[in-house]
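Q: Here our numbering is used: the first residue of the sequence shown is 956, the next is one more, and so on. This is the structure, below, for whatever I ask next.
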Amino acid sequence: MEPAKSPLPPLPKGESIPAFVTNPDWTHRSRAAVWHPCTQMKQHDVGDLPLIAIARGQGAWLYDFAGRRYLDAISSWWVNLFGHANRRINAAIKDQLDRLEHVILAGFTHAPVVELSERLAALTGNTLGHCFYASDGSSAVEIALKMSFHTWRNQGQPDKNRFLCLADSYHGETLGTLSVGDVALYKDAYAPLLRPAKTVPSPDARQAQPGETAADVARRAAAGLESHLAEHHESIAALIVEPLVQGAGGMVMYDPEYLRRARLLCDRYGIHLICDEIMVGFGRTGTLFAHEQAAIRPDFLCLSKGLTGGYLPLSVVLTTDSVYATFYDDAVMRGFLHSHSYTGNPLACRAALATLDIFAEDAVLERNRPFAERFTALLEPLANHPQARHFRHTGMIWAVDIGTADPDFRLRFYREALQREVLLRPLGTTIYFMPPYILNDDEAALLAERAVEALKAALA
Ligand SMILES: *Cc1c(COP(=O)(O)O)cnc(C)c1O
């Protein structure tokens, strides 16, 4: 790592630097005691994978203990919307902390969870009026899968117990969610443990032949879905999709026409549609929810990540009155007997309410639109790099594939970007940008410029 490029900005008035800031040893101790996620730990010890201890965050920036800074261009794994140490979200959590930190949500309720449920339902035009909570995205997907199956079972159709997913889909890493995923890197080792879903073609717009539009590709993929449903619909409970952008599968983008057709086909063949908007929800694709761009509603909507502005683990599955009604009965066993310890945590719900307040008060979606145009223009040098392929953009997500056979490209680029004060973490050979919504034009320009420099260095 290069020496510090910029000094640690001064702390807000009245705050002193905590004693541990001077401890140089966090990464060493972390490697011994913390098993880091999605990581081959040996790469930290003998490989070239840096481990960076972060002392604090402010806005779009992360600061390490040595005084270096990093622009968080992937929103800390796609969760952060309005920056680190956001004043309004901080205040909401602090206020809640002195009232009620947590309470069991079975047999009890509290104001933040009621308000959040009402507001989320209203944001779906009250078509999805029942909110079931968990703590992370994978759990939300598990809940949607179980609810879908259980709905059919309650309706006397227990044979509808298979699921359909798209090629390249990602829905989490628990066993149930790996079963409806199609990313070999995460899935293959656990194949003997899974009950795999059937995979239907992805509407990936990169598949367009000369003269074809993204909508043409979407229609072709929908035809593949239809032929599968025509044959197998009796055994299928639900189709699960990531609307408009398939994230971990490589930032695959597609036309809303696919969602329109999928909705029609699900209705025609008696299949639920599960929209996993864990990544794309809360404005990432330009609308609050991605499925809005197809003017459809799912039967189940999974949300997490941006739900709390990137502050606290919280996820939710929203569903319809008609699904809810199939569970509502004198028989306990027809109920949805699923729970997690921290279901509906009040602190997390307050963070989510503060996040929704910011959307409402700051006209965030309207402001993101011109920003996205400016940032797309700033990325032109990257898009035009001779090894860049399929530069693409949806809302506040940008991606480009790099034509290289270097198996170490991902790590090389990651390191070169970090040395230039930018946190970018390619998926294989796909570089993507998913910045928080508070980036200013100077930060956007710096990000675009350093990304090209990092690319040139990584390919050199
Ligand atoms: C991140 C993600 C998940 C899993 O969420 P976790 O909180 O990591 O369990 C599921 N689906 C999609 C589309 C995601 O991006």
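Idealized CB from N, CA, C, for every residue including glycine.
Report buried or exposed for Phe-1020, applying the criterion of at least 16 other Cβ atoms within 10 angstroms of its Cβ.
A: Position 65 of the sequence shown, counted from the first residue, corresponds to residue 1020. Label assigned to Phe-1020: buried.
Q: Using a Cβ-Cβ cut-off of 6 Å (strictly less than) and excluding sequence neighbours within five positions of Trp-1033, which residues of its own chain qualify?
A: Locating residue 1033 in the sequence shown gives position 78, where the first residue counts as 1. Excluding positions up to five away in sequence, the list reads Met-1234, Lys-1260, Met-1389.
Q: Out of curiosity, what's the CA-to-CA distance linking Phe-1291 and Leu-1026?
A: On the sequence shown, position 336 is the one that residue 1291 refers to. On the sequence shown, position 71 is the one that residue 1026 refers to. When rounded, the distance between both Cα atoms is 43 Å.
Q: Identify the residues that DSSP records as bridge partners of Leu-1119: which are they?
A: If you number the sequence shown from 1, residue 1119 lands on position 164. According to DSSP, which records beta bridges pairwise, Leu-1119 is partnered with Lys-1153, Leu-1194.
Q: Roughly how many angstroms lie between the CA atoms of Val-1417 and Arg-1329, to the nearest whole one?
A: Summary: the structure shown does not reach residue 1417, with the chain confined to residues 956 through 1415, and so no result is reported for it.
Q: Report whether the distance from the Cβ of Ser-1259 to the nearest heavy atom of ligand 3 is below 7 Å.
A: In the structure on display, ligand 3 does not appear, and the ligands it does have are ligand 1.
Q: In three-state DSSP terms, what is Ala-1354?
A: On the sequence shown, residue 1354 is found 399 positions in, with the first residue counted as 1. Three-state DSSP puts Ala-1354 in a strand.
Q: Alpha carbons only, please: which of Arg-1365, Leu-1394, Asn-1395, Gln-1374 is nearest the one belonging to Leu-1382?
A: Mapped onto the sequence shown, residue 1382 falls at position 427. Checking every option, the nearest Cα to that of Leu-1382 belongs to Arg-1365.
Q: Measure the Cβ-Cβ separation of Arg-1405 and Ala-1372 and say whether it is below 8 Å.
A: Numbered from 1 along the sequence shown, position 450 holds the residue referred to as residue 1405. Numbered from 1 along the sequence shown, position 417 holds the residue referred to as residue 1372. In this structure, Ala-1372 lies closer than 8 Å to Arg-1405 by Cβ.
Q: In three-state DSSP terms, what is Arg-1011?
A: Taking the sequence shown and counting its residues from 1, one reaches residue 1011 at position 56. Arg-1011: strand per DSSP, three-state reduction.
Q: Taking the beta carbon of Tyr-1018 as the centre, do at least 16 other beta carbons fall within 10 Å, making it buried, or is it exposed?
A: Within the sequence shown, numbered from 1, the residue matching residue 1018 stands at position 63. The residue in question, Tyr-1018, is buried, as its Cβ has 16 or more Cβ neighbours within 10 Å.
Q: Roughly how many angstroms lie between the CA atoms of Ser-1094 and Arg-1347, to the nearest whole one?
A: In the sequence shown, counting from the first residue as 1, residue 1094 sits at position 139. In the sequence shown, counting from the first residue as 1, residue 1347 sits at position 392. Approximately 30 Å between the Cα atoms of the pair.
Q: Measure the Cβ-Cβ separation of Ile-1352 and Thr-1384 and say whether it is below 8 Å.
A: Here residue 1352 corresponds to residue number 397 of the sequence shown, with the count starting at 1. Here residue 1384 corresponds to residue number 429 of the sequence shown, with the count starting at 1. It is not a contact, given that the beta carbons lie outside the stated cut-off.
Q: Under three-state DSSP, which class holds Phe-1368?
A: Counting from 1 along the sequence shown, the entry for residue 1368 is found at position 413. In the structure shown, Phe-1368 sits in a helix (DSSP, three-state: H, G or I).
Q: Can you give me the C-alpha to C-alpha distance between Ala-1354 and Glu-1189, rounded to a whole angstrom?
A: As a first step, residue 1354 is located in the sequence shown; it is residue number 399 there, counting from the start. As a first step, residue 1189 is located in the sequence shown; it is residue number 234 there, counting from the start. Spanning the two alpha carbons is a distance of roughly 38 Å.
Q: If I measure Cβ to Cβ from Tyr-1088 and keep anything under 6 Å in the same chain, skipping five residues before and after, which residues do I get?
A: In the sequence shown, the residue the question calls residue 1088 occupies position 133. The answer, listed in chain order, is Val-1271, Thr-1298, Gly-1299.
Q: Got a sec? Which residues, its chain only, sit under 8 Å from Thr-1079 by beta carbon, not counting five neighbours each side?
A: Your numbering for residue 1079 matches position 124 in the sequence shown. Taken in chain order, the residues that qualify are Phe-1244, Arg-1252, Leu-1256, Leu-1273.
Q: Figure out for me which residue from Ser-1031, Thr-1310, Ala-1176 has the closest Cα to the Cα of Leu-1379.
A: Counted from its first residue, the sequence shown places residue 1379 at position 424. Ranking the options by Cα distance to Leu-1379, first place goes to Ser-1031.
Q: Since Ala-1169 and Tyr-1209 are thought to touch, with beta carbons under 8 Å apart, how far apart are those beta carbons, to the nearest angstrom?
A: Counted from its first residue, the sequence shown places residue 1169 at position 214. Counted from its first residue, the sequence shown places residue 1209 at position 254. Going by Cβ atoms, the distance from Ala-1169 to Tyr-1209 rounds to 6 Å, so yes, they are a contact pair.
Q: What did DSSP end up calling Asn-978 once you bin it into helix, strand or coil?
A: Here residue 978 corresponds to residue number 23 of the sequence shown, with the count starting at 1. In this prediction, Asn-978 has a pLDDT of 49, which is less than 50 and means its spatial position is unreliable; nothing more can be read from the coordinates.
Q: Is any non-hydrogen atom of ligand 1 found closer than 7 Å to the C-beta of Tyr-1369, if you look at the structure I gave you?
A: Translated into the one-based positions of the sequence shown, residue 1369 becomes position 414. Flag unset: Cβ of Tyr-1369 not near ligand 1.
Q: With burial defined as no fewer than 16 other Cβ atoms inside 10 Å of the residue's Cβ, what is the status of Gln-1201: buried or exposed?
A: In the sequence shown, residue 1201 corresponds to position 246, counting from 1. The residue is buried, with at least 16 neighbouring Cβ atoms inside 10 Å.
Q: Under 7 Å from any heavy atom of ligand 1, does the C-beta of Gly-938 make it?
A: Since the first residue of the chain shown is 956 and the last is 1415, residue 938 is not available in this structure.
Q: For Glu-1128 and His-1295, what's the separation of their Cα atoms in angstroms?
A: Here residue 1128 is taken as the residue at index 173 of the sequence shown, counted from 1. Here residue 1295 is taken as the residue at index 340 of the sequence shown, counted from 1. About 17 Å.
Q: Output the distance between the C-alpha atoms of Ala-1309 and Arg-1043, rounded to the nearest integer angstrom.
A: Stepping through the sequence shown from its first residue, residue 1309 is reached at position 354. Stepping through the sequence shown from its first residue, residue 1043 is reached at position 88. If you take the alpha carbons of Ala-1309 and Arg-1043, they lie about 7 Å apart.
Q: Less than 7 Å between the CB of Trp-990 and some heavy atom of ligand 1, yes or no?
A: By 1-based counting over the sequence shown, the position of residue 990 is 35. No.
Q: Check whether the region 1210 to 1230 and the region 1191 to 1199 are in contact - that is, three or more C-beta pairs closer than 8 Å.
A: Verdict: yes, contact present.
Q: Nearest to Ile-1009 by alpha carbon, out of Thr-982, Asp-1276, Ile-1029, Gln-1051?
A: The count along the sequence shown starts at 1 and reaches residue 1009 at position 54. Of the candidates Thr-982, Asp-1276, Ile-1029, Gln-1051, the one whose C-alpha sits nearest the C-alpha of Ile-1009 is Thr-982.
Q: Between the alpha carbons of Asp-1396 and Asn-1035, how many angstroms are there, rounded?
A: The residue you call residue 1396 lines up with position 441 of the sequence shown. The residue you call residue 1035 lines up with position 80 of the sequence shown. About 18 Å.
Q: Identify every residue that forms a DSSP beta bridge with Met-1208.
A: Looking up residue 1208 in the sequence shown gives position 253. Paired residue(s): Val-1200.
Q: Compute every distance between the C-beta of Glu-1197 and the non-hydrogen atoms of ligand 1, then say whether any falls below 7 Å.
A: Position 242 of the sequence shown holds residue 1197. Checking the Cβ of Glu-1197 against ligand 1 gives yes.
Q: Does at least one heavy atom of ligand 1 sit under 7 Å from the Cβ of Met-1234?
A: Within the sequence shown, numbered from 1, the residue matching residue 1234 stands at position 279. Yes - ligand 1 has a heavy atom lying nearer than 7 Å to the Cβ of Met-1234.
Q: For the alpha helix (DSSP H) containing Tyr-1297, name the first residue and the last one.
A: For the purposes of this step, residue 1297 is identified with residue 342 of the sequence shown, where counting begins at 1. That residue, Tyr-1297, is in no alpha helix (DSSP H); it is neither H nor E in DSSP.
Q: For Arg-1344, which of helix, strand or coil comes out of DSSP?
A: Within the sequence shown, the letter at position 389 stands for residue 1344. If DSSP states are grouped into helix, strand and coil, Arg-1344 belongs with the strands.
Q: Pairs of beta-carbons, one from the region 1094 to 1103 and one from the region 1131 to 1139, closer than 8 Å: are there three or more?
A: Touching, yes, given that three or more Cβ pairs across the two stretches are closer than 8 Å.
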